[in-house]
Each structure stands twice: as C-alpha cells, then as structure tokens.
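Here's the structure we're looking at; comments come further down.
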Amino acid sequence: MTVGPDGALYVGVLRHRPMRGEPVVPSEVVRVGLDGSVAEAVTGVHWPNGLGFAPDRQTLYVCEYAESRVLAVLDGQKHVFATVAVGECDGLAVDADGGVWVALGSGGAVARFAPTGELVDTIELPGTFVSSLTFSGADLYITTNSGLFTTIVDTTGAAVPPAGVPH
Numbered sequence: 035m036t037v038g039p040d041g042a043l044y045v046g047v048l049r050h051r052p053m054r055g056e057p058v059v060p061s062e063v064v065r066v067g068l069d070g071s072v073a074e075a076v077t078g079v080h081w082p083n084g085l086g087f088a089p090d091r092q093t094l095y096v097c098e099y100a101e102s103r104v105l106a107v108l109d110g111q112k113h114v115f116a117t118v119a120v121g122e123c124d125g126l127a128v129d130a131d132g133g134v135w136v137a138l139g140s141g142g143a144v145a146r147f148a149p150t151g152e153l154v155d156t157i158e159l160p161g162t163f164v165s166s167l168t169f170s171g172a173d174l175y176i177t178t179n180s181g182l183f184t185t186i187v188d189t190t191g192a193a194v195p196p197a198g199v200p201h
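Under the numbering used here, read the sequence shown as residues 35 to 201, first letter to last.
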C-alpha cells in the first residue's frame, strides 16, 4: 500500500491464495479515494506487492512478485521498469533522488535501481527472505525472516503525503 499525491490509498489486491498453493492469476492495484470510492488503478498484475510513487508523484512503481520485476505506471500506461536476476520483487521504497529500492524476497538482498531502471547497488543480508523496507530520513529499515536491520544510505526517502482515510 502507498499514498497517492492527493492522499488516496493505492492497494495491491490478490486474486489467488499463494499460501494454499493456488496458481497466480492476474490481479490489480486499486485506488481508494478520499470519499471511499474504489477504482482499479492498474490491472493485469501478477501478484502486486510493494508500491511507491516517484518523487514527482506522477509515476507509480508496482512490484510484480510472481514475475520478479517492477512495473512503472504513468498516465494509466504500464511498462517493465526493472527485472531482478535473483529472488522476487517484494517490498519497495522510493528515495528522494528517484531511486527505487526493492526487497528481493528469496534473493536475500535489497536492490537499488536508478530512475532509469538500471541496477546500481545491492545490499546482501543475513536470512533467507527479505520482505520489506522503508526509510526514516537516511536510515533504511529492512525486514527479513531473521530480523529487522537498519543501515544508513546516501539519500533519504521520497516524501509521502498524509493519507486521507475515509470514515
């Protein structure tokens, strides 16, 4: 889940139950508006997971877990932003410089992609599964199956507007 430029929530939806061994089917990302309305924002995503907006708040990044890639969505059009060689694209965070950080699931690492989609850095971690990450200033917090880790990086997280949660 992430917050859009206007405070709307963007949430990945699963149409299968992976822990029960069901095969992956196309799913979507929905937008929950400030008035409580729900609309499809991105369709045809194979297991949407980590979400985040670029610093300009125009491009939405979506981890497509089952395909080991990150999609970029701009003006309703999606394209492959980055593909990983190991693991799966699980959690995602965007930095203030437009870098996209991705938890690589069973790959045991975090990858940082430049705004162009090029892999620029990898942080190896103990544990067999890296699930999520988030920024607090220049501190990057990373969750794995063996614990919570933190490291200081050369950038800060992109600003995220407050969420407007409907009542």
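We put the beta carbon where it would ideally sit given N, CA and C, even for glycine. Quick caveat, the model's predicted, so the values are computed rather than measured.
Quick check on residue i: does DSSP put it in helix, strand or coil?
i      : result
ARG65  : strand
ALA16  : No information on residue 16 is available, as it lies outside the stretch 35 to 201 that the chain covers here.
PRO39  : coil
PRO82  : strand
ARG54  : helix
VAL120 : coil
PHE183 : strand
SER166 : strand
GLN92  : coil
Taking Cβ positions, are residue i and residue j nearer each other than 9 Å?
i      : j      : result
GLU101 : CYS123 : yes
GLU62  : GLU74  : yes
ALA148 : VAL136 : no
PRO200 : GLY67  : yes
ASP173 : THR156 : no
TYR99  : ALA106 : no
GLY191 : ALA127 : yes
ARG49  : VAL59  : yes
GLY125 : GLY181 : no
Leaving out five residues before and five after residue i in sequence, what residues of the same chain have Cβ atoms less than 7 Å from its Cβ?
i      : result
PHE163 : GLY139, SER140, THR178, ASN179
ASP131 : THR189
VAL64  : VAL45, VAL47, VAL72, ALA73, GLU74, ALA75
ASP24  : Residue 24 cannot be examined here, being either before or after the span of the chain that is shown, 35 to 201.
PHE183 : LEU159, ILE176
ALA197 : VAL37, GLY41, LEU43
When the cut-off is 9 Å and only beta carbons count, does residue i lie next to chain D?
i      : result
SER165 : The structure shown contains no chain D; it is built from a single protein chain.
Considering Cα atoms alone, identify which of the options is closest to residue i.
i      : options                       : result
LEU167 : CYS97, ARG51, LEU43, VAL199   : CYS97
PHE169 : ALA116, ALA143, GLY86, GLU152 : GLY86
GLY161 : GLY121, THR150, VAL134        : GLY121
GLY171 : TYR99, HIS50, VAL59, ALA193   : ALA193
GLN111 : ALA143, ALA197, GLY78, PRO39  : GLY78
Tell me which same chain residues have a C-beta within less than 6 Å of the C-beta of residue i, skipping the five on either side of it?
i      : result
PRO39  : ARG91
ALA116 : VAL104, PHE147, GLY151
HIS80  : VAL58, GLU98, ALA100, GLU101
VAL154 : ARG146, ALA148
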